[in-house]
Amino acid sequence: MSKRAFITGITGQDGSYLAEFLLGKGYDVYGLVRRTSNNPMIRFKEPGKLEKIKIIYGNMRDSASIERALEISKPDEIYNLAAQSDVGISFQCPEEASEVNYYGVGRLVNEAMRVCPQARIYQASTSEMFGRTNPPQNEGSLFQPVSPYGRAKLKAHEDYVTGYRNKHGLFICSGILFNHESPRRGEHFVTRKITISLAKIKHGLQERFQLGNLDAKRDWGFAKDYVEAMWRMLQEDKPDDFVIATGEMHTVREFAEEAAKFFGMDIEWGGGGLEEKGIDRKTKKVVIEVNPAHLRPNEVDFLQGDSSKAERVFGWKHKTAFKDLVRLMAEHDLEHVKREKLL
Ligand code: NAP
Ligand code: F7E
Numbered sequence: 001m002s003k004r005a006f007i008t009g010i011t012g013q014d015g016s017y018l019a020e021f022l023l024g025k026g027y028d029v030y031g032l033v034r035r036t037s038n039n040p041m042i043r044f045k046e047p048g049k050l051e052k053i054k055i056i057y058g059n060m061r062d063s064a065s066i067e068r069a070l071e072i073s074k075p076d077e078i079y080n081l082a083a084q085s086d087v088g089i090s091f092q093c094p095e096e097a098s099e100v101n102y103y104g105v106g107r108l109v110n111e112a113m114r115v116c117p118q119a120r121i122y123q124a125s126t127s128e129m130f131g132r133t134n135p136p137q138n139e140g141s142l143f144q145p146v147s148p149y150g151r152a153k154l155k156a157h158e159d160y161v162t163g164y165r166n167k168h169g170l171f172i173c174s175g176i177l178f179n180h181e182s183p184r185r186g187e188h189f190v191t192r193k194i195t196i197s198l199a200k201i202k203h204g205l206q207e208r209f210q211l212g213n214l215d216a217k218r219d220w221g222f223a224k225d226y227v228e229a230m231w232r233m234l235q236e237d238k239p240d241d242f243v244i245a246t247g248e249m250h251t252v253r254e255f256a257e258e259a260a261k262f263f264g265m266d267i268e269w270g271g272g273g274l275e276e277k278g279i280d281r282k283t284k285k286v287v288i289e290v291n292p293a294h295l296r297p298n299e300v301d302f303l304q305g306d307s308s309k310a311e312r313v314f315g316w317k318h319k320t321a322f323k324d325l326v327r328l329m330a331e332h333d334l335e336h337v338k339r340e341k342l343l
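Each residue of the sequence shown is one higher than the one before, starting from 1 at the first, in UniProt numbering.
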């Protein structure tokens, strides 16, 4: 008989890749989908996959909907990917971050203990929990989050992952994932914002775009590589927590330079601070400006993960290198913007 998986956040970047991955492994896949004013399933790209997913309407703010979804899906494995996942927005809407990213986890694990206590649970934890702790960060590093997003995720990790594992013997794992990107990444995250904006410049739809902190360093991997790690940790004999990362760190500035090369631009930087500009050496045109509206009240300066435990325990290692990730996103957006322009 097929195994049954229940995914919250199935409409998001990771949810869509994970659903496709699990269908490929022969799972029956159920997904919690919240009501939106538009088609929430637009990320499902692989032919023949969307029709196989069983959608259950619900919300992480609503215990009754979670209970119903678990009763219908009767899962062997639960992947909790639903979150308000935008760190910048979490400063503006801290209650939302706490309601969904902390209390939502509590609703899910409490309902799961009643309805399907045998189910194995994956919780989408994050490198934002390390906050101002110096890199490289691993499972033993100090958690010092600086954003409402990071604090809510840490509280969920402590109360419902390690807490419920120790207190109730629940099979629950935290995947402490570092930034992972793809052509399906939300357009407000910095990597996708850069590749879409450069594609629009290339097609003559805009002249320049604005970023915030160019010096922030992130460990960027490819989302498709990372969803496999989620599944792998639930196949282990014991629940545990695992850092998933590439181990490489790059600045926002480097990401923009690398992406610009794909579009035939050669960025040099002039000025400093808020006056800094990214100028294309070939055309002498300003392509990137700094806008203080994109700076955060508190910033995480450096994230670089050490995922040697995941490699040792279940043989996971990232497959996609930084330059390949940038290229595959840029290639996608060049075509994506062309299609949109033609509409
Ligand atoms: P994403 O693209 O923003 O997807 C988030 C998902 O959560 C969407 O399906 C969204 O639904 C859903 N959601 C939000 N609020 C909800 C609510 N109240 N009830 C039900 N569903 C709700 O995020 P992602 O990049 O795929 O990330 C997946 C998970 O991993 C998140 O928990 C995120 O915090 C965590 N994480 C991500 C990264 C990363 O770099 N991507 C790193 C570490 C951890 P809609 O489609 O309706 O908005
Ligand atoms: O920012 C800087 C920004 O919003 C990355 C989420 O998936 O990963 C993600 O969180 C860096 C930050 O991702 C702009 O200040 C500069 O330093 O792409 P981001 P994030 O905040 O790292 C973690 C691991 C998660 O768990 C989250 O769910 O880029 N930056 N200029 C900018 N960021 C944005 N968004 N927009 C800018 O214009």
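The C-beta atom is built at its ideal place from N, Cα and C for all residues, glycine as well.
Bear in mind that the values here come from a model prediction, so they are computed numbers and not experimental data.
If we call anything under 8 Å between Cβ atoms a contact, is residue i one with residue j?
i	j	result
L211	V252	yes
G221	H188	no
L234	E77	yes
K309	E96	no
K49	E20	yes
R120	F171	yes
S73	R4	yes
L303	F143	no
D280	V290	no
G15	R34	no
residue 352	L23	A query on residue 352 cannot be resolved here, the shown segment of the chain reaching from 1 to 343 and no further.
Enumerate in chain order the residues of its own chain whose CB-to-CB distance from residue i is below 6 Å, with the five nearest sequence positions on each side excluded.
i	result
A199	D333, L334 and V337
L108	I66 and N80
K54	Y30
A259	I194, T195, L198, V326 and A330
T246	D219, G221 and H318
M249	K217, D219 and Q304
E111	I66, E67 and L70
S98	A152
P136	Q304 and D306
State the Cα-Cα distance for the pair residue i and residue j, rounded to the nearest angstrom.
i	j	result
Y79	I244	16 Å
Y17	F44	8 Å
R339	D306	39 Å
L214	T283	22 Å
R296	A216	11 Å
L342	L328	Since pLDDT at L342 reaches only 49, below the 50 mark, its modelled position is unreliable, and the value read off the structure follows with that caveat. C-alpha separation (whole angstroms): 22 Å.
T191	N134	23 Å
Q92	Y103	18 Å
S174	V161	7 Å
G12	E228	16 Å
R151	S125	11 Å
I56	S2	19 Å
P47	I7	20 Å
I89	F178	18 Å
K167	D159	10 Å
G278	E128	28 Å
S63	V100	11 Å
T320	K224	9 Å
residue 398	F262	Absent from the model: residue 398. The displayed extent of the chain is 1 to 343, so no value can be given.
D86	G186	9 Å
Y27	G271	54 Å
D324	Y226	15 Å
F242	V105	18 Å
P75	H157	21 Å
Y149	G264	36 Å
A32	N298	Note on residue identity: the sequence assigns Leu, not Ala, to residue 32. Computed Cα separation, rounded: 32 Å.
H203	K25	40 Å
R165	S141	20 Å
T36	I267	39 Å
P239	L205	49 Å
What residues match up with residue i in a beta bridge as DSSP calls it?
i	result
residue 382	Residue 382 is absent from the model: the chain starts at 1 and stops at 343.
L211	V290
L32	T8 and I56
Q137	G305
I279	E268 and V286
N179	N179 pairs with nothing; no bridge assigned.
T251	K217
V337	Paired residue(s): none; V337 is not in a bridge.
I66	None; I66 has no bridge partner.
V243	I176
residue 388	This structure gives no information on residue 388, because the portion of the chain shown stretches from 1 to 343.
F222	E181
Counting only the same chain and skipping the five closest in sequence on each side, list residues whose C-beta sits under 7 Å from that of residue i.
i	result
E236	V313 and F314
M230	L18, Y79, Y122 and G175
V115	E67, L70 and E71
R232	F314 and W316
A83	G9, V100, N101 and A124
P94	P148
I'd like the list of long-range same chain contacts for residue i, defined as Cβ closer than 8 Å, with 5 residues on each side in sequence excluded.
i	result
D301	R132, D215, A216 and K217
F322	W220, T246, E248, H250 and E258
Quiz: which residues have CB nearer than 5 Å to ligand 2 non-hydrogen atoms: S85, V87, T126, S127, E128, N179, F189, V190, L211, G212, N213, A216, V252 and H294
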